[in-house]
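Undergrad: Residue numbers (my numbering), protein chains in the order written: chain L, 43 to 154; chain Y, 3 to 115.
Glycine residues also receive a C-beta, built at the ideal position from the N, C-alpha and C atoms.
Sharing a structure here in structure tokens format.
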Amino acid sequence: EAQVTQNPRYLITVTGKKLTVTCSQNMNHEYMSWYRQDPGLGLRQIYYSMNVEVTDKGDVPEGYKVSRKEKRNFPLILESPSPNQTSLYFCASSFLIEDEQFFGPGTRLTVL
Amino acid sequence: DQQVKQNSPSLSVQEGRISILNCDYTNSMFDYFLWYKKYPAEGPTFLISISSIKDKNEDGRFTVFLNKSAKHLSLHIVPSQPGDSAVYFCAASRPKGAQKLVFGQGTRLTINP
Numbered sequence: 043e044a045q046v047t048q049n050p051r052y053l054i055t056v057t058g059k060k061l062t063v064t065c066s067q068n069m070n071h072e073y074m075s076w077y078r079q080d081p082g083l084g085l086r087q088i089y090y091s092m093n094v095e096v097t098d099k100g101d102v103p104e105g106y107k108v109s110r111k112e113k114r115n116f117p118l119i120l121e122s123p124s125p126n127q128t129s130l131y132f133c134a135s136s137f138l139i140e141d142e143q144f145f146g147p148g149t150r151l152t153v154l
Numbered sequence: 003d004q005q006v007k008q009n010s011p012s013l014s015v016q017e018g019r020i021s022i023l024n025c026d027y028t029n030s031m032f033d034y035f036l037w038y039k040k041y042p043a044e045g046p047t048f049l050i051s052i053s054s055i056k057d058k059n060e061d062g063r064f065t066v067f068l069n070k071s072a073k074h075l076s077l078h079i080v081p082s083q084p085g086d087s088a089v090y091f092c093a094a095s096r097p098k099g100a101q102k103l104v105f106g107q108g109t110r111l112t113i114n115p
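Structure below.
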């Protein structure tokens, strides 16, 4: 089954404790992206990757890091999480930016 | 700076009638537009798209209209069904060189029986 998986689905952590949210896709997509969804703001892009070892900032990259060492994986790293990073996070992938993007089920992160 | 705006946070429509969701954008360089549908506790799913060289695209009960001069697009759902109740996001793609996707804030559509 073609899918994008994210782990964990729910996470409660404390300020400053490094965490990683994993994202994996099994569709051999070149393009992957991370978004956060906040009330009244919709989905905002954090980082995206055009291919292995090629990443670039989206609209809200501050406080986040990503890596793309393999085509299928695109982890989101929060080196020192803060409460303003409490949000619902989605990973997505597609062949090209204008193609249909397949989204993961989301990760709800709470930073205390 | 919200480049893609959905000014109606919510919309309520009777089953069987037409639902019209609106979206405005400010950047005339956007060249591809998409609509996504999101149910609670799930990721968004692609619904329909349109290229800036077209003014209409239809897929079953869903039609997207693009008015480039007004920088406005709309999604028409007819007839509306209870399963259409969801949050709808419009999104715009910047020129290929920038390779970014910008989403609106979303509109919650409720279809009443």
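#1: Per DSSP, which residues does S71 of chain Y bridge with? Please list them.
#2: For N68 of chain L, which of helix, strand or coil comes out of DSSP?
#3: Residues in its own chain within less than 8 angstroms of Q87 of chain L by CB, not counting five upstream and five downstream?
#4: DSSP state of G84 of chain L, grouped into three classes?
#5: Nearest to Y89 of chain L by CA position, among L:Y52, L:N68, L:Y131 and L:P123, is which residue?
#6: Chain L beta carbons: is any one of them nearer than 8 angstroms to that of L75 of chain Y?
#7: Verify whether the separation of the beta carbon atoms of E121 of chain L and K107 of chain L is less than 8 angstroms.
#8: Mind checking L154 of chain L: buried by the 16 CB within 10 Å criterion, or exposed?
#9: Report the option in Y:W37, Y:Y41, Y:S10 and Y:L23 whose CA atom is closest to the CA atom of S87 of chain Y.
#10: If you pair each beta-carbon of the stretch 70-77 of chain Y with each one of the stretch 27-38 of chain Y, do three or more pairs fall below 8 angstroms?
TA: In this structure, then:
#1: Beta-bridge pairing links S71 of chain Y to no other residue.
#2: Residue state, collapsed to three classes: coil.
#3: Closer than 8 angstroms at Cβ, skipping near neighbours: S75, W76, Y77, G100, D101 and V102.
#4: Looking at G84 of chain L - three-state DSSP - the assignment turns out to be strand.
#5: Of the candidates L:Y52, L:N68, L:Y131 and L:P123, the one whose C-alpha sits nearest the C-alpha of Y89 of chain L is L:Y131.
#6: By this cut-off, L75 of chain Y is not an interface position.
#7: Yes, Cβ-Cβ distance for E121 of chain L and K107 of chain L is below 8 angstroms.
#8: Looking at its Cβ environment, which holds fewer than 16 other Cβ atoms inside 10 Å, L154 of chain L is exposed.
#9: Taking the Cα of S87 of chain Y as reference, the smallest distance to any Cα among Y:W37, Y:Y41, Y:S10 and Y:L23 is reached at Y:Y41.
#10: Touching, yes, given that three or more Cβ pairs across the two stretches are closer than 8 angstroms.
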